[in-house]
Amino acid sequence: MPVSDCELTQMFEHVLKLSKVDATQSVAVLKSHYSNPRTVRSAMEAAQRLGAKVYAVELPSFNHPMAMGNDMTAYCGDTALTGNIAAQRALEAADLVVDTMMLLHSPEQEQILKTGTRILLAVEPPEVLARMLPTLADKERVMAAEKLLKQARSIHVKSRAGSDFKAALGQYPAVTEYGFADEPGRWDHWPSGFLFSWPNEETAQGVLVIDVGDIVLPFKNYSREQITLEIDRGFITSIHGGFEAEYLRDYLKYFNDPEVYGISHIGWGLQPRAQWTAMGLHDKNDGMCMDARAFEGNFLFSTGPNTEVGGTRKTPCHLDIPLRHCDIYLDDLAVVTGGVVVASR
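Count the sequence shown with the working numbering and you get residues 1131 to 1475, in order.
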């Protein structure tokens, strides 16, 4: 059901409070012409209600010649902030940036975070923001799972569809998303509720099967047939199946970059209010489809860049693929069984 402007502002006030915004803080709202004007307005009004010093930074839109479609995750790396040092400094001056246009996977975002500025991304429709309004319990759930992920030295994923995937862990940090940015230099995304890390270089191995009903982002499609990915030494080496496998092969081939086949972050969903079915009720241009990334018990794996954690793969193509009905083991500990979370602390 539609969310009123009053309710949206109240929700932003709640999330900004969780993000430690008060009268001592400054808040920058980053926007472009495609930002949801209601989101921008509510973010600014909520920050003012909390007594913060508020200002807006508006940038022109950016479209790389190789980008396909309007999804904000379909082309990574370059953004409207690329090369705009004056705007970057204006964002670094804030305690918190509310990003309504999408800087994710850009080196400029990483530089802003290194100054201690916090960033909260908010690009989903207001109704999705409302259904997954973050709480302290969301943080507790994700942080408890982070303890397990930090301790693990391997991950093993199996599924009834035929997935059998292994990787060593520990080279890269664990990353959490729980919906608010409450620590210096923290990036988070409202809505969310999951965690992930990256495989140690050249250790990801095995088979991942995208089953019927699984989701491929940024295509925002429910798969209607199985797609089998063979993985060796951290890279996808073969993609088998019917039409949808052909589609995926040709999409990746288009970028003419061997790095697009690398396995990027891997982890699992922990948000009980996210629904894998929600994508079918939205237009493809309605946000990023965070329901698919965060729904409880998924195995979320991605392809492409890993520069945000110090890796060397800088590539514009990034897929997020949540799989259902998987078993996930950290070392010998089952954390997800058949798509149901069974261990979180």
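All residues carry an ideal CB built from backbone N, CA and C; glycine is no exception.
> Taking DSSP as the reference, what is the three-state secondary structure of Leu-1233?
Replying inline: coil
> According to the Cβ coordinates, are Leu-1180 and Asp-1225 closer than 8 angstroms?
Replying inline: Contact flag unset, no.
>> List, from N- to C-terminal side, the beta strand (DSSP E) runs of 3 residues or more that fit wholly inside the region 1153–1215.
In response: Qualifying beta strand (DSSP E) stretches, in chain order: 1156–1161 and 1183–1188.
>> If you reduce the DSSP assignment to three classes, tell me which class Thr-1333 lands in.
In response: coil
> Which residue or residues does DSSP assign as beta-bridge partners of Asp-1268?
Replying inline: DSSP output for Asp-1268 lists no bridge partner at all.
>> If you follow the alpha helix (DSSP H) that Asp-1421 is in, where does it begin and where does it stop?
In response: 1420–1424
> Excluding five sequence neighbours on each side, which residues of the same chain lie with their C-beta closer than 6 angstroms to the C-beta of Ile-1242?
Replying inline: Leu-1221 and Glu-1222
> Hey, how far is the Cα of Tyr-1205 from the Cα of Gln-1155?
Replying inline: Cα to Cα, the separation comes out at about 32 angstroms.
>> So, does the region 1446–1455 touch the region 1199–1216, judging by three or more C-beta pairs under 8 angstroms?
In response: yes
> Identify the residues that DSSP records as bridge partners of Trp-1398: which are they?
Replying inline: Leu-1325 and Phe-1429
> DSSP beta-bridge partners for Asn-1478?
Replying inline: Outside the modelled stretch of the chain, which goes from 1131 to 1475, sits residue 1478, for which no answer is possible.
>> Tell me which residue opens and which closes the alpha helix (DSSP H) that His-1144 is part of.
In response: Going by DSSP, His-1144 is part of the alpha helix (DSSP H) stretching over 1135–1148.
> From Leu-1146, Asn-1193, Arg-1168 and Glu-1188, pick the residue whose C-alpha is nearest to that of Ala-1177; which is it?
Replying inline: Leu-1146
> Of all the options Ala-1275, Gly-1364 and Gly-1343, which has the alpha carbon lying nearest to the alpha carbon of Gly-1323?
Replying inline: Ala-1275
> Whole beta strand (DSSP E) runs in the region 1332–1382 with 3 or more residues, listed along the chain?
Replying inline: The region 1332–1382 contains these whole beta strand (DSSP E) runs: 1335–1340, 1357–1362 and 1365–1371.
> If Leu-1325 sits next to Leu-1359, beta carbons under 8 angstroms apart, how far is it from one beta carbon to the other, in whole angstroms?
Replying inline: Actually they do not touch by this definition, with Cβ atoms about 22 angstroms apart.
>> One question on the structure: do Ile-1345 and Ile-1357 come within less than 8 angstroms of each other, judged by their Cβ atoms?
In response: no
> Taking all protein chains shown into account, do 16 or more other C-beta atoms lie within 10 angstroms of the C-beta of Thr-1442, making it buried, or fewer, making it exposed?
Replying inline: Per the 10 Å Cβ criterion, exposed.
> If we count the other Cβ atoms within 10 Å of its Cβ and call it buried at 16 or more, is Arg-1403 buried or exposed?
Replying inline: buried
>> Using DSSP's beta-bridge definition, name the partner residues of Cys-1456.
In response: Its beta-bridge partners are Ser-1289.
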